[in-house]
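With mature numbering (1 follows the signal peptide of the UniProt record, and there is no 0) applied, the sequence shown covers -17 to -1, 1 to 257. Ideal Cβ positions, reconstructed from N, Cα and C, are used throughout, including at glycine.
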Amino acid sequence: MLPRALLLIGALCVAGPGPGPGPGLGLGLGPGLRVRVRMADGQVAEESLEADTDSDSISIEYKKADGTLITLLADFRQEVKIIRSLILGEMERGQSQLQGLCFITRLHRNELIPSESMAKLRQKNARAVRMAEEQRAPQHLYMDVAVNYSKALPLSMHIHNICAEARDAIYTREADAKHWMEKGLDGSMFEILPQASEVTDVERCRLSADRWKPCVCHYSLCIEWYPCLLKYCKTRDDVGKISSYKCGIKSCHRCSQYDYYVPQKQLCLWDEEP
Ligand SMILES: *[C@@H]1O[C@H](CO)[C@@H](O)[C@H](O)[C@H]1NC(C)=O
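Here it is, written out as structure tokens:
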């Protein structure tokens, strides 16, 4: 039988009081866990999952077959979710080598397991290729607000690090910005972008022929596997009293589609008709 302190994820588990913060990977968070995950295209990617209980945050990162690096950072303290994509540019098309995008939305309760449970996550079979147990409904988000990188610290201390390669492409939604402002955040970091309704002649980048004209860019990505819920098991003690304890996680899969205004189609060259 497993020690009560371990939480199993299928054959992954959440350990008891885990090791302290270790020599983290890229984000300076905990020691991290590497999980092999089956992607939609059938390929296997290695996801890196980290938790930092001090700052109450989680990060999940993986690289796509085309080299794009996808990172999700959940900042529970600030109720902020940052999804960053680092896209390798195509030099021959005049793009800089790396293009970063940061999409920041409100983090809802129960979207992900808490950071202290994540810090205790372990797997027995590190070679197992995992697939999410639950497919969450895809999200389609219109990102109508730009976030000023140099003013974004009060929103989440992680933006400075995660969005460094996306300084000019940090987006959120007006409704989310309003939520954070109601909690006392200074709104001067937010700038409303030209809305589709106001600028009716702004067309979709994929239909636009002019590289220098503004358009509405589309980008989609998936987080293939993430721990979204805690599972509880019941146990009966010597006198027959039943209690429950955390004994595992449920994994989820979710895709998100983002639409946002760009001043030039040049900034959205992946969004072309096939
Ligand atoms: C962001 O804020 C800084 C500091 O106030 C300002 O100098 C800069 O012009 C702003 N950037 C944009 C794109 O508005």
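Shortest Cα-Cα distance from residue 209 to any of 46, 235 and 169 involves 235. Residue 162 places its beta carbon 8 Å or farther from that of residue 60. Sorting 212, 187 and 213 by C-alpha distance to the C-alpha of residue 252 places 187 at the top.
Selection 93, 123 and 248 evaluated against residue 198 yields 248 as nearest (Cα-Cα). Residue 114 has its alpha-carbon roughly 14 Å from the corresponding atom of residue 45. The stretch 146 to 157 and the stretch 120 to 130 touch, with three or more beta-carbon pairs separated by less than 8 Å. Taking the Cα of residue 82 as reference, the smallest distance to any Cα among 28, 68 and 207 is reached at 68.
CA-CA distance, residue 254 to residue 201, rounds to 6 Å.
For the set 38, 72 and 33, the Cα lying nearest the Cα of residue 54 is the one of 33. In this structure, ligand 1 has a non-hydrogen atom nearer than 7 Å to the beta-carbon of residue 133. Between ligand 1 and the CB of residue 165, the shortest heavy atom gap is not smaller than 7 Å.
Only residues of its own chain outside the window of five on either side were considered, and among them 68, 69, 70 and 71 have a CB closer than 7 Å to the CB of residue 51, listed in chain order.
Here DSSP, grouped into helix, strand and coil, assigns residue 165 to helix.
The DSSP-derived three-state label of residue 114 is coil.
Residue 241 is not a Cβ neighbour of residue 176, given a cutoff of 8 Å.
Residue state for residue 22 is assigned as coil, using DSSP reduced to three classes. In the DSSP annotation of this structure, residue 101 is not part of any beta strand (DSSP E); the continuous alpha helix (DSSP H) holding it starts and ends at 98 to 101. Taking a 10 Å sphere around the C-beta of residue 91, we find fewer than 16 other C-beta atoms and assign the residue as exposed.
Here the alpha carbons of residue 158 and residue 166 stand approximately 13 Å from one another. In terms of CA proximity to residue 25, 112 leads the group 43, 112 and 38.
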